[in-house]
Each structure stands twice: as structure tokens, then as C-alpha cells.
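Take the sequence shown: its position 150, counting from 1, is numbered 185 in our numbering, and each next residue is one higher. All residues carry an ideal CB built from backbone N, CA and C; glycine is no exception. Written out below as C-alpha cells is the structure these notes cover.
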Amino acid sequence: MAKFRFRLQPVLRQREIAERDEQLKVAQVERQRLMLEDRLRQCQQRIMFEQHTLNTLVNGSSVKPQDARLQSAAILVAKSEAQRLALELAAVYKRIEGARKLLTKAAMHRRSMELLRDNHLTSWRRKINVAEDRAMDELAVMRAARTKKEQL
Numbered sequence: 036m037a038k039f040r041f042r043l044q045p046v047l048r049q050r051e052i053a054e055r056d057e058q059l060k061v062a063q064v065e066r067q068r069l070m071l072e073d074r075l076r077q078c079q080q081r082i083m084f085e086q087h088t089l090n091t092l093v094n095g096s097s098v099k100p101q102d103a104r105l106q107s108a109a110i111l112v113a114k115s116e117a118q119r120l121a122l123e124l125a126a127v128y129k130r131i132e133g134a135r136k137l138l139t140k141a142a143m144h145r146r147s148m149e150l151l152r153d154n155h156l157t158s159w160r161r162k163i164n165v166a167e168d169r170a171m172d173e174l175a176v177m178r179a180a181r182t183k184k185e186q187l
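As C-alpha cells, then:
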């Protein structure tokens with residue numbers, strides 16, 4: 036029996052590779068997002084800790100202005116770090132959106148080639164079935180002619 040061969044298989048393979056590359060790019064940006072979110076969470080915890088420490092200093096019996104000033108400065112540093120991380124995270128979200136659009140486009144191109152392959156396969160199978168049916172019909176006609184000839 037004949038074997039189906041999709042002439043555009045190299046194109047399909049190239050599109051699969053392109054889609055895989057886009058998936059890797061999305062994964063890389065997602066890793067950056069996770070890292071930044073983790074750092075932002077740590078920074079927020081540090082702010083809460085520093086704030087608690089400042090509250091403890093202020094609520095104590097004797098307040099040293101130098102210690103309170105240092106603690107306030109630590110809180111401001113942590114807050115500015117959190118703001119910087121939030122801005123970085125916003126930029127990463129935009130990059131994720133762009134990378135996902137490119138991935139969707141690559142997947143669409145790959146899928147269009149798969150649909151074309153499936154259509155070609157269906158057409159090929161139909162042609163094979165028609166050829167087999169014709170061959171069977173020819174055999175049936177030849178058998179009928181032979182049977183008729185033998186009956187005479």
C-alpha cells in the first residue's frame with residue numbers, strides 16, 4: 036500500500052520549531068515575572084518588619100531620635116525599592132503580553148499547516164479508496180466475465 040507523504044513537512048517542522056522558540060521566550064519572561072514578584076513580596080515583608088520595629092521604638096519608654104531616624108530611613112529605602120520593583124514588574128507584564136501575542140501567532144501558523152496536512156491526507160485517502168474500489172470493480176467484472184465464459 037502507498038504511504039502518505041506531506042510535501043510541506045519541512046515547512047510544518049519549521050513552524051513547530053518557531054512555535055517552540057516563542058514558548059521558550061514566554062517561559063523566560065514568566066521566570067522574570069516570578070522572580071520580581073518574589074522580590075517584591077520580600078520587600079513588602081521587610082517594610083512591614085521595619086515599620087513594626089519603628090512602632091516598637093516609638094512606643095518604648097525612651098525614644099532615641101537617632102534610632103527612629105535610622106528606622107524611618109530604612110523604611111523609605113525599602114519603599115523606594117518596592118516602587119522600583121513594581122515598575123520593573125509592569126514592564127515585564129508588557130513583555131509577557133507581547134511574547135504571548137507572538138506565541139499565539141506562531142501557533143496559528145503551525146496549526147494552519149497541520150490543517151493543510153490533514154486536508155491533504157484526507158484527499159489522499161479518498162484517492163486511494165477510489166483506486167481500490169476501481170480495482171475491485173475491475174476484478175469483479177473480470178470474474179463475472181470468466182464465470183460467464185465458463186458457463187458457455
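So residue i packs on residue j, CB below 8 Å; how close in whole Å?
i, j, result
"Val61", "Arg145", "Actually they do not touch by this definition, with Cβ atoms about 15 Å apart."
"Leu120", "Leu47", "With a Cβ gap of about 42 Å, Leu120 and Leu47 do not count as contacting."
"Ala117", "Gln80", "Not a contact, Cβ separation roughly 10 Å."
"Val64", "Arg130", "5 Å"
"Ala108", "Val93", "At roughly 15 Å, the Cβ-Cβ gap does not stay under 8 Å, so Ala108 and Val93 are not in contact."
"Gln106", "Leu89", "4 Å"
"Gln86", "Ile110", "6 Å"
"Leu43", "Met148", "6 Å"
Who are the Cβ neighbours of residue i in its own chain at under 6 Å, not counting the five residues just before and after it?
i, result
"Ala126", "none"
"Cys142", "Looking at the sequence itself, residue 142 is Ala, so the reference to Cys does not match. The residues are Glu54."
Leaving out the 5 sequence neighbours to the left and right, which residues in its chain are closer than 8 Å to residue i when beta-carbon positions are compared?
i, result
"Arg68", "Leu124, Val127, Tyr128, Ile131"
"Gln58", "Leu138"
"Ala180", "none"
"Leu71", "Leu120, Glu123, Leu124, Val127"
"Lys114", "Ile82"
"Arg50", "Ala141, His144, Arg145, Met148"
Apart from the five residues just before and just after residue i, which ones in its own chain have a Cβ nearer than 7 Å to its Cβ?
i, result
"Trp159", "Phe39"
"Ala37", "Ile163"
message = Restricting to runs no shorter than 3 residues, where is the beta strand (DSSP E) found entirely within the region 108 to 178?
response = none
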